[in-house]
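First comes the structure, then the notes that go with it.
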Amino acid sequence: MDTLSYKTISANKATVNKEWVLVDAEGQTLGRLASKVAKLLRGKHKPNFTPHVDCGDNVIVINAEKINLTGNKWNDKTYIRHTGYPGGQRSLSATELFGKDPARIVEKSVKGMLPKNKLGADLFRNLNVVVGSEHTHEAQKPKTINLNDFN
């Protein structure tokens, strides 16, 4: 019996194959979009996925201003932060945050679905969210992915 064929191949920084992916957020529901983008960033769709290595793709999300929220979430969903001072808790509704910067609402939802450690911070740097359909990464020749076909 050839036992060498049963060795598990573990990816590392040198052997990983990172690509550039373009995702259109127009008409997508926020949470479903975020979970699929997080899966792309993490690399879970690849056969050589390794949990402790950044083996995901670089993702560009365009048309962030055209996302949907279901139900009453535009008014009821709150984003809470703290200034660091006593009594410094501040909150914004989804509508208020969307009014300030529509890209931030997508970034926050994707970041919440990534690991809460150094690897998660590195993965988040591979995400670019853009308002509108023009982005600055044309030189990387990103491959367009339809998230409705992606599981």
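Per the UniProt record's numbering, residue 1 is the first one in the sequence shown, and the count goes up by one each step.
Ideal placement from N, C-alpha and C gives every residue a C-beta, glycine not left out.
Just so we're clear, the structure is a prediction, and the values are computed from it rather than from any experiment.
| Check | Outcome |
| --- | --- |
| Distance, Ser-91 Cα to His-82 Cα | 8 Å |
| Ser-91, DSSP secondary structure in three states | strand |
| Boundaries (first-last residue) of the alpha helix (DSSP H) holding Arg-42 | 30-42 |
| Simplified DSSP assignment, three categories, for Asn-117 | coil |
| Cβ neighbours of Lys-100 in the same chain (closer than 8 Å, five flanking residues each side left out) | Leu-92 |
| CB of Ile-145 within 8 Å of CB of Val-16, strictly | no |
| Straight-line gap, Val-131 to Lys-7 (C-alpha atoms, nearest Å) | 45 Å |
| Through-space distance from Leu-30 to Ala-14, alpha-carbon basis | 34 Å |
| Contacting residues, own chain, Cβ-Cβ under 7 Å from Glu-73 (five flanking each side not counted) | Per the sequence presented here, residue 73 reads as Lys, with Glu not at that position. Once the five neighbours on either side are set aside, the close Cβ partners of Lys-73 are Ala-94. |
| Nearest-angstrom Cα separation, counted from Gly-112 out to Pro-102 | 16 Å |
| Cβ-based neighbour list, Asn-12, same chain, cut-off 8 Å, excluding 5 preceding and 5 following | Thr-50, Val-53 |
| Cβ-Cβ distance between Ala-64 and Ala-25 below 8 Å | yes |
| Distance between beta carbons of Gln-28 and Ile-80, contact taken as under 8 Å | About 24 Å separates the two Cβ atoms, so there is no contact after all. |
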